[in-house]
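Undergrad:
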Amino acid sequence: MKSTGIVRKIDELGRIVIPKELRKTQGLTYGTPMELFVDEDQIILRKYEPGCVLCGSVQNLKTHKSGKKICKKCL
1 MKSTGIVRKI
11 DELGRIVIPK
21 ELRKTQGLTY
31 GTPMELFVDE
41 DQIILRKYEP
51 GCVLCGSVQN
61 LKTHKSGKKI
71 CKKCL
């Protein structure tokens with residue numbers, strides 16, 4: 001994980017603004033679904049990508065004829 005040196009405060013509604021330059025470089029636009037993870041004392045925010053419908057993996061996905069994503073291990 002790379003540090004940006006950017007610090008933001010949480011507002012009274014619990015929101016944090018992601019700086020425009022970071023949104024642009026990461027391809028985040030209005031309405032982009034984001035996923036939150038908790039790892040010990042860290043909160044990790046990443047762009048949501050639907051995973052395998054059977055195991056949840058987001059690696060080596062194929063789209064089934066039904067339109068659902070399935071990883072190679074579950075095929």
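Using UniProt numbering, the letters of the sequence shown map in sequence onto residues 1 to 75. C-beta: ideal position from N, C-alpha, C; glycine also. This structure is a prediction, so every number in the text was calculated from the model and none was measured.
1. In three-state terms, what does DSSP make of residue 112?
2. Taking the Cβ atom as the reference point for each residue, do glutamate 35 and arginine 23 lie within a distance shorter than 7 angstroms?
3. Note down, one range per segment and in chain order, each alpha helix (DSSP H) of at least 4 residues found wholly within the UniProt domain "SpoVT-AbrB" (5 to 50).
4. Out of curiosity, what's the CA-to-CA distance linking glutamate 49 and valine 7?
5. Among the residues of its own chain, which have a CB less than 7 angstroms from the CB of proline 33, if the five just before and after it don't count?
TA: Judging by the given coordinates:
1. Look at the range of the chain in this structure, 1 to 75, and you will see that residue 112 is not part of it.
2. What you label residue 35 is simply residue 35 of the sequence shown in a count that begins at 1. What you label residue 23 is simply residue 23 of the sequence shown in a count that begins at 1. For glutamate 35 and arginine 23, no; Cβs fall outside 7 angstroms.
3. Within the UniProt domain "SpoVT-AbrB" (5 to 50), the complete alpha helix (DSSP H) runs of at least 4 residues are 20 to 26.
4. The residue given as residue 49 occupies position 49 in the sequence shown. The residue given as residue 7 occupies position 7 in the sequence shown. Spanning the alpha carbons of glutamate 49 and valine 7 requires a straight line of approximately 26 angstroms.
5. Here residue 33 corresponds to residue number 33 of the sequence shown, with the count starting at 1. Sequence-distant Cβ neighbours of proline 33 in its own chain, meaning closer than 7 angstroms and more than five residues away, are Tyr48.
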